[in-house]
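Colleague: Going by the working numbering, the sequence shown opens with residue 1231, and the numbers climb by one from there. Cβ atoms here follow ideal geometry from the backbone N, Cα and C, with glycine treated the same way. Keep in mind it's a predicted model, so treat the numbers as computed, not measured. Got a structure for you, written out below as structure tokens; questions coming shortly.
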Amino acid sequence: MAAASLTTSYVSSTSTIPVVGPLTTAFTPPDYCTNVIKSYCILSTPISSFTSETTTLYSSGEPYTYCSYVERDLTCGSDGQATRASACFPNDADTTGVLVYSPGTGCPAGWETQSKNILSGKTTAVCCPSGYQEHENNQISSCTMSISYTDDATTVLSCSGGSEVVDTLTYTTSTSSAYSYTTSYPEYYSAWAQKILVVYPTTDEIVSRINNPISTESPGGTPQPPPPSPTPPNSKPGLGTGAIVGIVVGVVGALLLVGAFIFWRRRQRKHHHAPVPKGSPAGEHDALPEFVAGNHTSTGSAQMSAATSNGLFQPQPELKSPR
1231 MAAASLTTSY
1241 VSSTSTIPVV
1251 GPLTTAFTPP
1261 DYCTNVIKSY
1271 CILSTPISSF
1281 TSETTTLYSS
1291 GEPYTYCSYV
1301 ERDLTCGSDG
1311 QATRASACFP
1321 NDADTTGVLV
1331 YSPGTGCPAG
1341 WETQSKNILS
1351 GKTTAVCCPS
1361 GYQEHENNQI
1371 SSCTMSISYT
1381 DDATTVLSCS
1391 GGSEVVDTLT
1401 YTTSTSSAYS
1411 YTTSYPEYYS
1421 AWAQKILVVY
1431 PTTDEIVSRI
1441 NNPISTESPG
1451 GTPQPPPPSP
1461 TPPNSKPGLG
1471 TGAIVGIVVG
1481 VVGALLLVGA
1491 FIFWRRRQRK
1501 HHHAPVPKGS
1511 PAGEHDALPE
1521 FVAGNHTSTG
1531 SAQMSAATSN
1541 GLFQPQPELK
1551 SPR
């Protein structure tokens, strides 16, 4: 039988159910609790009939015992009836109602979580014995397991005089003479078990608090962000890379400007304060003489030598073309 998938539901309200007690320590039920026993058994009387005039009673068939269920966690009483054994449940619980344990840590040994209901930060786990599933109608406080028939039969137990005896489950055969067919079906389809509920803090909320820690030390419990990491004692504040680059660029630019200004000043001073040759009247060399050809026309190229005397050009003798 395939294992049922675990389901989780969120409910907004719940009815008040008495709590059996806590389930914070390990609990292992006795071995006999796993036995499957016939329960709710009655003795069937033979079919009776009578005639109208003589009122003669007669019976047909043999008496037989019919049991409504087969289930586990039972014990046989002296009256031959099977009842739930309190020793099969934590805290020797009264098994007449729904069994709720709170606070708890999980299902008992040999039991498995079938579903979870989450309400107000608490998780209620529905526990069934291993191999059993929670009944599809969650209003029924039971778990079920399909009965597998081997060679058309399977072995269970039944009560006889306060003792457990081996019994056999078989297919039931029904024959219809009117339609001439025979039908076979299993005597029981499912074995039953009492489910229990265990309440414990919701795991999802705990995981969320671990992964996203917040502080609620402020007034009113308002969540505050965690404080920044302290600066190591040996660390010293320093300039960032951007600030250092900016300073270097500024210094280089200033040096370039100063150098350009000094160069310009030297050029100006050399041009305006050149020495004047001795014996030349002031202003005599302010303008250069005109160079003309012999026929008073301008030559194609001015001829002059760059004879330098104290940095000034000297005029050359007039050149005249031959006649």
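1) Three-state secondary structure (DSSP) at Ile1267?
2) Three or more beta-carbon pairs under 8 Å between the stretch 1330–1337 and the stretch 1297–1304, yes or no?
3) Given Val1250, which residues of its chain have a CB within under 7 Å of its CB, disregarding the five upstream and five downstream residues?
4) Three or more C-beta pairs closer than 8 Å, one from the stretch 1392–1400 and one from the stretch 1357–1375: is that the case here?
5) Go ahead and pull the three-state DSSP assignment for Arg1314.
6) Can you tell me whether Val1565 is buried or exposed, with buried defined as 16 or more other CB within 10 angstroms of its CB?
7) Candidates Cys1306, Arg1496, Val1429: which alpha carbon is nearest Cys1263's?
8) Which residue's Cα is closest to the Cα of Cys1318: Lys1425, Pro1333, Leu1273?
9) When the Cα atoms are used, what is the spatial distance from Tyr1294 to Thr1354?
10) Of the residues Glu1342, Val1266, Gly1361, Ala1490, which one's Cα is nearest the Cα of Ala1315?
11) Taking Tyr1359 as the reference, which of Gln1344, Ile1370, Lys1268 has the closest Cα?
12) Under the three-state reduction of DSSP, which class applies to Ile1426: helix, strand or coil?
13) Taking 8 Å as the cut-off, is the C-beta of Tyr1296 nearer than that to any heavy atom in the ligand ADP?
14) Would you mind giving the Cβ-Cβ distance between Lys1346 and Val1429, rounded to the nearest angstrom? I have them listed as a contact below 8 Å.
15) Going by Cα to Cα distance, which pick from Pro1431, Asp1397, Ser1269, Tyr1401 is closest to Thr1254?
16) Have a look at Leu1273, Trp1341, Ser1269, Tyr1270 and flag the residue whose alpha-carbon is nearest the alpha-carbon of Pro1259.
17) So, Pro1252 versus Pro1333, is the Cβ gap smaller than 9 Å?
18) Exposed or buried, Gln1498, counting other C-beta atoms within 10 Å across all chains shown (16 or more means buried)?
19) Given Leu1273, which residues of its chain have a CB within under 7 Å of its CB, disregarding the five upstream and five downstream residues?
20) For Ser1371, which residues from the same chain have a beta carbon less than 7 Å from its beta carbon, with the 5 sequence-adjacent residues on both sides left out?
21) Cα separation between Leu1387 and Gln1369?
22) Since Thr1432 is in the beta strand (DSSP E), which residue starts that stretch and which ends it?
23) The beta strand (DSSP E) spanning Val1356 covers which residue range?
24) Out of curiosity, what's the CA-to-CA distance linking Tyr1270 and Trp1422?
25) Excluding the five sequence neighbours on either side, which residues of its own chain have a C-beta within less than 7 Å of the C-beta of Thr1275, listed in chain order?
26) Between the alpha carbons of Leu1427 and Ser1308, how many angstroms are there, rounded?
27) May I ask you to report which of helix, strand or coil DSSP gives Thr1254?
28) Beta strand (DSSP E) containing Thr1385: first to last residue?
29) Rounded to a whole number of angstroms, what is the C-alpha to C-alpha distance between Phe1491 and Val1482?
30) Let me know if Glu1366 comes out buried or exposed under the rule of 16 or more other beta-carbons within 10 Å of its beta-carbon.
Modeller: Reading from the atomic positions:
1) Within the sequence shown, the letter at position 37 stands for residue 1267. In the structure shown, the three-state DSSP call for Ile1267 is strand.
2) These segments do not touch.
3) Within the sequence shown, the letter at position 20 stands for residue 1250. Closer than 7 Å at the Cβ level, and outside the excluded window around Val1250, lie Asn1321, Ala1323, Leu1329, Val1330, Tyr1331.
4) Counting C-beta pairs with one atom in each stretch, the stretch 1392–1400 and the stretch 1357–1375 have fewer than three that are closer than 8 Å, which means they do not touch.
5) By 1-based counting over the sequence shown, the position of residue 1314 is 84. Three-state result, Arg1314: strand.
6) Within the shown structure, residues of the chain are numbered from 1231 to 1553, placing residue 1565 beyond reach of any answer.
7) One-based indexing of the sequence shown puts residue 1263 at position 33. Checking every option, the nearest Cα to that of Cys1263 belongs to Cys1306.
8) In the sequence shown, counting from the first residue as 1, residue 1318 sits at position 88. Across the set Lys1425, Pro1333, Leu1273, the C-alpha of Lys1425 shows the shortest separation from the C-alpha of Cys1318.
9) Taking the sequence shown and counting its residues from 1, one reaches residue 1294 at position 64. Taking the sequence shown and counting its residues from 1, one reaches residue 1354 at position 124. For the pair Tyr1294 and Thr1354, the Cα-to-Cα distance works out to about 43 Å.
10) As a working mapping, residue 1315 is identified with position 85 in the sequence shown. Looking only at Glu1342, Val1266, Gly1361, Ala1490, the smallest Cα-Cα distance to Ala1315 is reached by Val1266.
11) Locating residue 1359 in the sequence shown gives position 129, where the first residue counts as 1. The amino acid occupying residue 1359 in the given sequence is Pro; Tyr does not appear at that position. It is Gln1344.
12) Position 196 of the sequence shown, counting from 1, holds the residue named residue 1426. Of the three classes helix, strand and coil, the one that applies to Ile1426 here is strand, per DSSP.
13) In terms of ligand content, the structure shown is empty, and the ligand ADP therefore cannot be addressed.
14) Residue 1346 sits at position 116 when you count from the first residue of the sequence shown. Residue 1429 sits at position 199 when you count from the first residue of the sequence shown. Contact flag wrong, Cβ pair sits at about 11 Å.
15) Along the sequence shown, one-based indexing puts residue 1254 at 24. Measuring C-alpha to C-alpha distances from Thr1254 to each of Pro1431, Asp1397, Ser1269, Tyr1401 identifies Pro1431 as the nearest.
16) Sequence index remark: in the sequence shown, residue 1259 carries index 29 (1-based). Nearest Cα to Pro1259 within the set Leu1273, Trp1341, Ser1269, Tyr1270: Trp1341.
17) Residue numbering aside, residue 1252 sits at position 22 when the sequence shown is read from its first letter. Residue numbering aside, residue 1333 sits at position 103 when the sequence shown is read from its first letter. In contact: Pro1252 and Pro1333 (Cβ atoms closer than 9 Å).
18) On the sequence shown, residue 1498 is found 268 positions in, with the first residue counted as 1. Counting Cβ neighbours within 10 Å, Gln1498 comes out exposed, since fewer than 16 surround it.
19) Start at 1 with the first residue of the sequence shown, and residue 1273 comes out as number 43. The answer, listed in chain order, is Pro1293, Thr1295.
20) In the sequence shown, the residue the question calls residue 1371 occupies position 141. Within its own chain, the residues whose Cβ lies closer than 7 Å to the Cβ of Ser1371, once the five positions on either side in sequence are excluded, are Val1328, Gln1424, Lys1425, listed in chain order.
21) Against the sequence shown, residue 1387 aligns to sequence position 157. Against the sequence shown, residue 1369 aligns to sequence position 139. Their backbone Cα atoms lie some 28 Å apart in a straight line.
22) Sequence index remark: in the sequence shown, residue 1432 carries index 202 (1-based). Note, Thr1432: premise wrong, no beta strand (DSSP E); not H, not E.
23) Taking the first residue of the sequence shown as position 1, residue 1356 is located at position 126. DSSP places Val1356 inside the beta strand (DSSP E), whose first and last residues are 1352–1359.
24) Start at 1 with the first residue of the sequence shown, and residue 1270 comes out as number 40. Start at 1 with the first residue of the sequence shown, and residue 1422 comes out as number 192. If you take the alpha carbons of Tyr1270 and Trp1422, they lie about 12 Å apart.
25) In the sequence shown, residue 1275 corresponds to position 45, counting from 1. Counting only Cβ-Cβ distances below 7 Å, and skipping sequence neighbours, we find Pro1293.
26) Locating residue 1427 in the sequence shown gives position 197, where the first residue counts as 1. Locating residue 1308 in the sequence shown gives position 78, where the first residue counts as 1. Note on geometry: alpha-carbon atoms of Leu1427 and Ser1308 lie some 31 Å from one another.
27) Locating residue 1254 in the sequence shown gives position 24, counting from the first residue. Coil.
28) In the sequence shown, the residue the question calls residue 1385 occupies position 155. It spans 1383–1390 - the beta strand (DSSP E) in which Thr1385 sits, taken as one unbroken run.
29) Position 261 of the sequence shown, counted from the start, is the residue given in the question as residue 1491. Position 252 of the sequence shown, counted from the start, is the residue given in the question as residue 1482. Here the alpha carbons of Val1482 and Phe1491 stand approximately 14 Å from one another.
30) The residue labelled residue 1366 in the question sits at position 136 within the sequence shown. Answer is exposed; the Cβ neighbour count stays below 16.
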